[in-house]
Amino acid sequence: MNNANQQPHVVICNNCKKRLQSLLKTIKKENPLLIKKLQLLPIKTETNFDSTMDNDIQPFLVFRCWDVYYGLFNKKNLYCNNKIKPNVINNIVYLSAQTFAKTFHIPDVQPSLALTVAENHLPTIIPPSQHQLVTTIKNNVDLRNPDVFYPEIEDEYHSQLQELLKHYHYKFIILIVVLLVILAGIGIGGWQIYQYLNQPTAHATNRIDISHDGGYFPNVRVTINNTSSDQLTNAVQQISELNSDLLTALNDPTTVLTTSDHLPYDGGYHLINITVNATHAKQFEGIANVTLAVRAAKFDITNLDGNFSNLAPLKIMNLTNQNIINVLQTIPDLNPNLASLLTNDQLKISDITPSILISDGRPHLINFTLDANQTKQFQGTLPVSVYFIATKINISNINGNYLTSPPVVVGDLTHDNLIYLIQNVQGVDANLATAVNDPNIFVSTSSTLLPNNQPSEIDITVDANATKNYTGTLLVKLQAKNGTIDISNLNQDLTSQPAVSEPDTKPNELIAGLKQVTGLNPTLLYLLDQSGIKVTTDSVLNHDGLAHKIDIKITALAIPNYTGQAVVSIMMKSTKIDITNDGDDYTNQHVTIGNDLNANTLIAALNQLGPTIVNENILAAIKDPQVIVTSDSPFQVDNKPHSIKITIDAQYTKQYEGTAHVKILMQSNKINITNDSGYYSQYQNVIFFARY
């Protein structure tokens, strides 16, 4: 041991100190008592040493600093029987190369020799190895037995180890002190701010009390957005009769206005009580109460009723937002606020469920949400439920298989009979039966009827794409057989359709009326043009300009493949009858009697002539109280017939039009005594008796 008397470097660089501090901090965290059991000493190796000469001294770790190796030891491992082991000389531990090699090493980096040059830091102790090292120290240092007295190795290395720990404690204590100072400063500052904000305004010795300056102003109506202090201030400032002191107090930024009343967003005015608090104002003090009528600038639609599922289904083309809005606007007696909302361009519709309306002619319940939060006049959301039915029915969604239904009898498979088959097959869908009535429907088939009244399977293609109310195509399958069609099954009540106008109920007028009505069965429409058809009615058409129900009988008398009688009910009203050309000269007929030329006398004179002479339209027209009957002929009372010209004006009636002129002979049955006066003075002894 020729190095026994050499003094090693005693100064550990700052980098190594930091790394040791990290290790010691970890050790202390595991168990503070471990620190007292450790010793830091320099290490030298001897080439002539073997492991038996180490005296079982085993360092926990080895690192190099300034070309000197240091080791961290268990104090107890350096002593034997309270005496330092022989290979510990002058506070240097001499170890064999074998022991040195198997000890945990921190990779060494040679530090700079100049203080002005940045130190090359010793690499950090590898985290997994550090954890393993601490575990090893814990397992090899016995803390259960009381400490045995060991002569202290009073050297600078032990002091450095303790100094490292103290430095760590100092840092921790300083950090705690700084935090306490900061917290104390925050507390003191906060208290001072609180005191400042809540201190009474001692400088205002003559503050004006507004406690009695409030008032009740129910006739003042103001619109506000909400009940914030600013909005309430604006509302109160609009009171023209407000006390001047209170009005001035409102301008103080420390004056606060509040209300405990709820502001309904229903578009109406409501009385609310506003509290004006001037406690912290510079020139004012006290609390005043002001009551006035306010309403919310925005109407909240949340309180409206959006359930329209009890109404009749609304027709709609598809479920676009604009279509939904347009259809909702057609709802009768719609809430005025909702009606106004539906005209707002910023209204949004969301959550449409289901999102697609099935075009099958049936009503479907659709749910969606109206969102008014983007509008200026409204707010909130409103869930809506309504039944929609597609405006255009897609016949592709309709069942077209009727092969299980009984065969339908037809004479052939012409266009009209194909429609007849579809409309008369048992169980036919009502929408399909109505669709084939459309004049623009196209039906076709490549099937044929079997002879001898045998049932035949008929495939009919129905194309509705050219119609107004329907779309799509459908293949209809049904059974038919050759035979005579009984039209008795084609009775129809079409009184719900608009009334048709015809002069009367003659057969040709009835046929014309039937052709005008909407929805007439195509088979019946076809038969109206056949020569073997008979069209009659027992109903009476009143010529009053009003619509009346007319039951029309259609009888197939001599039409091949058709038999029976169908009854179709329609609404009919008579057209206006023009009487302009119905006047005539009846002066060659017998004389009528009349004592004046007023309307009643003239009408009576025409009726005296009767329907065999006077046109029936004239006789019917003069019964209308709105018809004006006059004459400009002179009236002579001489018991002789004279020609009288009568004017009949029907322009103000519902049923008639035009003006007719009629001439008749009229004689008065009165005796004119105007020229029968005389002079009777030659006659005497005329006595007058007076009765009292």
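Each step along the sequence shown adds one to the number in our numbering, with nothing skipped, and position 180 is 355.
Note that beta-carbon positions come from the ideal geometry of N, C-alpha and C, so glycine has one too.
Bear in mind that the values here come from a model prediction, so they are computed numbers and not experimental data.
Where does residue i land, buried or exposed, given buried means 16+ other C-beta within 10 angstroms?
{"i": "residue 531", "result": "exposed"}
{"i": "residue 217", "result": "buried"}
{"i": "residue 256", "result": "exposed"}
{"i": "residue 547", "result": "buried"}
{"i": "residue 844", "result": "exposed"}
{"i": "residue 262", "result": "buried"}
{"i": "residue 416", "result": "exposed"}
{"i": "residue 715", "result": "exposed"}
{"i": "residue 252", "result": "buried"}
{"i": "residue 755", "result": "exposed"}
{"i": "residue 615", "result": "exposed"}
{"i": "residue 868", "result": "In the structure as shown, the chain starts at 176 and stops at 867, and residue 868 therefore has no counterpart that could be examined."}
{"i": "residue 493", "result": "exposed"}
{"i": "residue 351", "result": "exposed"}
{"i": "residue 175", "result": "Absent from the model: residue 175. The displayed extent of the chain is 176 to 867, so no value can be given."}
{"i": "residue 445", "result": "exposed"}
{"i": "residue 430", "result": "buried"}
{"i": "residue 809", "result": "exposed"}
Please report the straight-line C-alpha distance between residue i and residue j, rounded to a whole angstrom.
{"i": "residue 742", "j": "residue 635", "result": "28 Å"}
{"i": "residue 561", "j": "residue 421", "result": "53 Å"}
{"i": "residue 569", "j": "residue 606", "result": "10 Å"}
{"i": "residue 320", "j": "residue 210", "result": "Any reading at residue 320 must be qualified, since the residue scores a pLDDT of 48, below 50, and its modelled position is unreliable; no value is offered."}
{"i": "residue 362", "j": "residue 410", "result": "40 Å"}
{"i": "residue 803", "j": "residue 797", "result": "8 Å"}
{"i": "residue 495", "j": "residue 658", "result": "50 Å"}
{"i": "residue 453", "j": "residue 459", "result": "6 Å"}
{"i": "residue 376", "j": "residue 466", "result": "Residue placement at residue 376 is flagged as unreliable, the pLDDT there being 48, under the threshold of 50; the coordinate-derived value follows with that caveat. Residue 376 and residue 466: Cα-Cα distance of roughly 29 Å."}
{"i": "residue 647", "j": "residue 533", "result": "13 Å"}
{"i": "residue 590", "j": "residue 618", "result": "7 Å"}
{"i": "residue 723", "j": "residue 685", "result": "13 Å"}
{"i": "residue 271", "j": "residue 229", "result": "6 Å"}
{"i": "residue 817", "j": "residue 840", "result": "5 Å"}
{"i": "residue 601", "j": "residue 654", "result": "10 Å"}
{"i": "residue 219", "j": "residue 193", "result": "23 Å"}
{"i": "residue 436", "j": "residue 604", "result": "60 Å"}
{"i": "residue 390", "j": "residue 525", "result": "46 Å"}
{"i": "residue 214", "j": "residue 232", "result": "12 Å"}
{"i": "residue 396", "j": "residue 426", "result": "21 Å"}
{"i": "residue 577", "j": "residue 689", "result": "30 Å"}
{"i": "residue 701", "j": "residue 642", "result": "20 Å"}
{"i": "residue 190", "j": "residue 196", "result": "10 Å"}
{"i": "residue 703", "j": "residue 693", "result": "15 Å"}
{"i": "residue 121", "j": "residue 428", "result": "Residue numbering for the chain in the displayed model covers 176 to 867; residue 121 lies beyond these limits and cannot be assessed."}
{"i": "residue 783", "j": "residue 837", "result": "14 Å"}
{"i": "residue 367", "j": "residue 513", "result": "55 Å"}
{"i": "residue 501", "j": "residue 515", "result": "12 Å"}
{"i": "residue 254", "j": "residue 357", "result": "50 Å"}
{"i": "residue 764", "j": "residue 770", "result": "19 Å"}
Taking DSSP's pairing of strands, which residues face residue i in a bridge?
{"i": "residue 557", "result": "545"}
{"i": "residue 746", "result": "724"}
{"i": "residue 384", "result": "460"}
{"i": "residue 657", "result": "585"}
{"i": "residue 695", "result": "Paired residues: none, contrary to the question."}
{"i": "residue 451", "result": "432, 463"}
{"i": "residue 821", "result": "806, 837"}
{"i": "residue 565", "result": "491"}
{"i": "residue 275", "result": "Note: residue 275 sits in no beta bridge, so no partner."}
{"i": "residue 246", "result": "216, 237"}
{"i": "residue 267", "result": "264"}
{"i": "residue 580", "result": "In DSSP, residue 580 forms no bridge with anything."}
{"i": "residue 255", "result": "258"}
Closer than 7 Å to a non-hydrogen atom of the ligand MG - does that hold for the CB of residue i?
{"i": "residue 461", "result": "Only the bare structure without any ligand can be found here, which leaves the ligand MG out of the picture."}
Roughly how far, in whole angstroms, is the beta-carbon of residue i from the beta-carbon of residue j, given that I think they are within contact range, below 8 Å?
{"i": "residue 650", "j": "residue 575", "result": "6 Å"}
{"i": "residue 753", "j": "residue 793", "result": "The pair is not a contact, with the Cβ atoms about 12 Å apart (cut-off 8 Å)."}
{"i": "residue 738", "j": "residue 727", "result": "The pair is not a contact, with the Cβ atoms about 18 Å apart (cut-off 8 Å)."}
{"i": "residue 400", "j": "residue 472", "result": "5 Å"}
{"i": "residue 740", "j": "residue 696", "result": "Not a contact, Cβ separation roughly 14 Å."}
{"i": "residue 873", "j": "residue 679", "result": "This structure gives no information on residue 873, because the portion of the chain shown stretches from 176 to 867."}
{"i": "residue 557", "j": "residue 540", "result": "Not a contact, Cβ separation roughly 17 Å."}
- Query: At which residue ranges does the segment 192-237 contain complete beta strand (DSSP E) runs of 3 or more residues, listed in the order of the chain?
  - Reply: 213-220
- Item | Ordered list of beta strand (DSSP E) runs contained in the segment 585-649, each at least 3 residues | 617-620, 631-638
- Message: Restricting to runs no shorter than 3 residues, where is the beta strand (DSSP E) found entirely within the segment 473-539?
- Response: 489-491, 523-528
- Query: Can you list, in chain order, the stretches of the alpha helix (DSSP H) that have 4 or more residues and sit fully within the segment 390-434?
  - Reply: 404-412, 419-424
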